[in-house]
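K.L.:
First, the structure itself, so that you have it in front of you.
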Amino acid sequence: MKKYWIVLLLSLFMVNIGLADTNTLKPYQAGDWSSLVKTANGAPLAVHFWGVTCPACVKEMPQWGSFVKNNPTAKVIFIQVDDVPVDSIKKMLSKAGLEKANNFYVAASFDERLRYEIDPKWQGETPTTIMIDRSGKATRKTGLIDFRQLQMTLMPKS
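Numbering (the numbering used here), first residue to last: 584 to 741.
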C-alpha cells in the first residue's frame with residue numbers, strides 16, 4: 584500500500600511540474616496579436632520574433648536575457664517562429680536565461696496571414712522586434728537590436 588501512495592504522490596508531483604512548465608511557453612496563433620498587445624496596459628512594449636534556426640537570433644538571445652534581467656519591469660514578449668520541437672525552444676530560452684520570460688511559440692504555420700495581422704509589410708524575417716509606444720504606435724526593427732535604444736524606449740525616465 585505504501586508503494587501505491589508513493590507512486591501516486593510522484594505522479595501528482597510530475598503532473599504539477601508539467602503544468603507549471605506550460606505557463607512559461609505558450610502557443611501563439613492567428614487572432615492573438617491584439618490581445619497580446621493589450622497585455623501591456625498602455626505601457627511601452629517590445630515584441631521580439633526569433634527562431635531557433637536563425638544564427639543572428641542564437642547570437643542575440645543571451646543579450647535579451649541580460650536585458651530582461653537588468654530591466655525586470657520592461658514589458659517584453661518573445662515569440663519563436665520556427666517549426667521546431669518545443670524542447671528545442673525551451674533549451675535555447677534556458678541557455679539565454681529567458682525561461683521565465685513572457686514566451687510564446689507559433690503553434691501553426693507562420694504564414695502570410697499570421698504575419699499580416701502583425702504588420703502587413705513584414706515578410707517574416709528574423710530577428711525582428713516590434714516596439715509599441717504608449718500611444719499604440721508600432722515600429723518594426725529587423726536585425727540585431729540596439730539595447731541602449733531599447734532601454735530608452737521601454738524604460739523612459741519619468
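By construction, the Cβ of each residue, glycine as well, lies at the ideal position given by its N, Cα and C atoms.
Taking the beta carbon of G614 as the centre, do at least 16 other beta carbons fall within 10 Å, making it buried, or is it exposed?
P.N.:
Result: exposed.
K.L.:
Figure out for me which residue from I713, L727, E695 has the closest Cα to the Cα of L737.
P.N.:
Nearest of I713, L727, E695 to L737, Cα basis: I713.
K.L.:
Which of helix, strand or coil does DSSP assign to I728?
P.N.:
The answer is coil: DSSP assigns I728 none of H, G, I, E or B.
K.L.:
Use the C-beta contact count for P627: other C-beta atoms within 10 angstroms, 16 or more gives buried, fewer gives exposed.
P.N.:
Under this definition P627 is a buried residue.
K.L.:
Suppose you measure from the CA of A639 to the CA of K740; what does that come to, to the nearest Å?
P.N.:
Approximately 30 Å between the Cα atoms of the pair.
K.L.:
Figure out for me which residue from E682, G719, Q732, G625 has the closest Cα to the Cα of Q663.
P.N.:
Nearest option by C-alpha distance: E682.
K.L.:
Below 7 Å CB to CB, which residues in the same chain sit around V620 once its five sequence neighbours on both sides are set aside?
P.N.:
Within the same chain, V620 has close Cβ partners L628, I715.
K.L.:
Exposed or buried, Y611, counting other C-beta atoms within 10 Å across all chains shown (16 or more means buried)?
P.N.:
Buried, by the Cβ-count rule.
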